[in-house]
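> One structure coming up, written as structure tokens, with questions to follow.
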Amino acid sequence: MKWILIAVIFGVCVFIGFMFSLKYKRRSNFFKALVLLAQKLDVGINFSRERLRSLFDGLDENLKKDLIGIGGNYTTYLDGNGELSQAELFKGINILKEQEKEVVFMFFKMLGRTDVDSQSKEIKNFENRFQDMATSAIMDNKKYGGLSVKMGLIMGLLSAVVLW
Amino acid sequence: MLQKILPENIYSVISEKVSLKALNEIRLRADKPIVVILNGQRFFLGYNGLTANLTEALTASKIMIEDIIFRASECSIYSVNEQIKKGFIVTRGGIRIGIGGDMVEENGVIKTMTNYNSINIRLPHEIKNCSLPIFDMILQNDQINNTLILSPPGAGKTTMLRDFICQLSQRNYAFNVLALDERGELDLGTANCLGNFADKISFARKKIGFENGIRSLSPNLIVTDELGTQEDIEAVIYASNCGVNLLASAHCDTIENFMKKEAFKNVINLKIFKRFVFLSLRNGPGTIDGVYNENFSRVLN
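Residue numbers (my numbering), protein chains in the order written: chain A, 908 to 1071; chain B, 3 to 303.
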């Protein structure tokens, strides 16, 4: 019985550490995907002038996955006739800080509102901001991602030793 | 489509309390009462439907107008900027939204329009068989007489053109029809709206559309809306010289004033059009006031 308890506690600690590390990885992938999205939108708007719905439909599956559902939430807004709200855009997304949510929300809010030249300038401006966020998220992932797994492992071992 | 572009409170009043079949226009001006036009008659739009009382009227706002334009562009203003530069946008389904605002000009070229302050939402109607009273005057002995439909705005020119194309198809006249839809209003996108024998070129100027269409699609008949400029007239003469028949429309308040129009002098002198159909709003949109031949003698009163 004691061995089972030790194994379960160890497992839980490692799992928690892994989940923390996954959060950093997802954040890093998310911001990299946002940069890519901004670039794709800029090209699409500049050259084909396709509508946003069709540009979002054309995104590849990996990018959609890395955007953790924000693309789907945005197309739901495009299909409806209400106002875009933070609650709607970030539905089911819990890895972003408030300040980051603000920037991402402003990006989606300005999409489609102006002519090609202005859109292109605004998208480029946001792309630079996303690039900074991505750089910071990659650093965090490197710094804290591995650390979280290690911490989980150490906590698990420590608990096992104490219980033994 | 109207549901997608109008704010919910306005759409619910219109859909529940106004006859959509009779609705011609919805006009929104910033900080002014919303006006609707039904069968050519003007009313204010209130919470309880139509009203003549200004105090009961719903008021439009600038944000409301901007949002309608944004929604009508399918949340992609940049994709309709070329239309906005001309002062309108057309939604899928043929709803035409005229826009008032500030034109942005750079080096003599219009770049876009901003600061939108008014819109005129014109609703297209598909009135089946409305062209039948003039059908036999346009099509005689299996030959099409070049015809120009004249009327003031909102009297049903486009509806008449659309129905004529549809009637040709329904009666199995397999003319190759080219619908040159410069403003995107001819094709409503509904099933069989333009019949089975029509090709469509949208959002092209008449001159380019006529030249490309004749070269590539070999039409027997070109149908187009709103002739007006000298360039349009040159395109008409070009098509006529190519042996292509024409069914077109133009704005005009009376037949006498049409005859005085400088741009049309050449067309009148060359007798390119064999029929002039004059529509009015006398008994509502689509009232046929008279049909004239190339010498402006009445062939139908």
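Beta carbons are placed, not taken as given, at the ideal position from N, Cα and C, and that holds for glycine.
Output the distance between the C-alpha atoms of B/His127 and A/Gly979, rounded to the nearest integer angstrom.
As a working mapping, residue 127 of chain B is identified with position 125 in the second sequence. As a working mapping, residue 979 of chain A is identified with position 72 in the first sequence. Cα to Cα, B/His127 sits roughly 35 Å from A/Gly979.
> Who pairs with A/Lys909 in a beta bridge, going by DSSP?
Residue mapping note: residue 909 of chain A aligns to position 2 of the first sequence, counting from 1. DSSP, once it has assigned bridges, lists no residue as partnering A/Lys909.
> Assess, as a yes-or-no matter, whether the segment 189-196 of chain B is touched by the segment 145-158 of chain B under the definition of 3 or more beta carbon pairs within less than 8 Å.
With the cut-off at 8 Å, the segment 145-158 of chain B and the segment 189-196 of chain B do not touch.
> Report yes or no: do the segment 1034-1052 of chain A and the segment 927-935 of chain A share at least 3 C-beta pairs separated by less than 8 Å?
Contact between the segment 1034-1052 of chain A and the segment 927-935 of chain A is present, because at least three Cβ pairs lie under 8 Å.
> Measuring alpha carbon to alpha carbon, tell me which residue in B/Ile7, B/Glu264, B/Val225 is nearest B/Leu248.
As a position in the second sequence, residue 248 of chain B is number 246, starting the count at 1. It is B/Val225 whose Cα lies nearest to the Cα of B/Leu248.
> What are the boundary residues of the beta strand (DSSP E) that includes A/Gly979?
Against the first sequence, residue 979 of chain A aligns to sequence position 72. A/Gly979 -> not in any beta strand (DSSP E); alpha helix (DSSP H) instead, spanning 977-986.
> Closer than 7 Å by beta-carbon distance: list the chain A residues that pair up with B/Ile79, in chain order.
Numbered from 1 along the second sequence, position 77 holds the residue referred to as residue 79 of chain B. Result: Gly1019, Arg1020, Thr1021, Asp1022.
> Under a CB-based cut-off of 8 Å, is A/Asn988 close to chain B?
Taking the first residue of the first sequence as position 1, residue 988 of chain A is located at position 81. It does; some Cβ of chain B falls within 8 Å.
> Check whether the segment 94-110 of chain B touches the segment 3-16 of chain B, taking contact to mean three or more Cβ pairs, one atom from each stretch, closer than 8 Å.
As far as the Cβ criterion goes, the segment 94-110 of chain B touches the segment 3-16 of chain B, which means the pair count is three or higher.
> If we cut at 8 Å on Cβ distances, does A/Leu985 have a partner in chain B?
By 1-based counting over the first sequence, the position of residue 985 of chain A is 78. A/Leu985 counts as touching chain B.
> Cβ of A/Leu875 less than 8 Å from any chain B Cβ?
Because chain A is modelled from 908 through 1071, residue 875 of chain A falls outside the range shown and cannot be assessed.
> Using beta carbons (cut-off 8 Å, strictly below), is B/Lys64 in contact with chain A?
Within the second sequence, residue 64 of chain B is the residue found at index 62, counting from 1. Closer than 8 Å: no.
> List the residues of chain B whose Cβ lies closer than 7 Å to the Cβ of A/Ile923, in chain order.
Locating residue 923 of chain A in the first sequence gives position 16, where the first residue counts as 1. Simply none; closest approach about 41 Å.
> Report yes or no: do the segment 30-42 of chain B and the segment 110-122 of chain B share at least 3 C-beta pairs separated by less than 8 Å?
As far as the Cβ criterion goes, the segment 30-42 of chain B touches the segment 110-122 of chain B, which means the pair count is three or higher.
> Does B/Phe46 come out as helix, strand or coil in the three-state DSSP assignment?
The residue labelled residue 46 of chain B in the question sits at position 44 within the second sequence. The answer is strand: DSSP assigns B/Phe46 an E or B state.
> Which chain A residues sit within Cβ distance under 7 Å of B/Asn83?
In the second sequence, residue 83 of chain B corresponds to position 81, counting from 1. Going along chain A in sequence order, the residues near B/Asn83 (Cβ under 7 Å) are Asp1022, Val1023.
> Give me the DSSP bridge partner(s) of B/Met115.
If you number the second sequence from 1, residue 115 of chain B lands on position 113. DSSP output for B/Met115 lists B/Met105 as bridge partner(s).
> Compare the C-beta of A/Gln1026 with all C-beta atoms of chain B and state if any pair is closer than 8 Å.
The residue given as residue 1026 of chain A occupies position 119 in the first sequence. Yes, A/Gln1026 lies at the interface with chain B (some Cβ there is under 8 Å from its Cβ).
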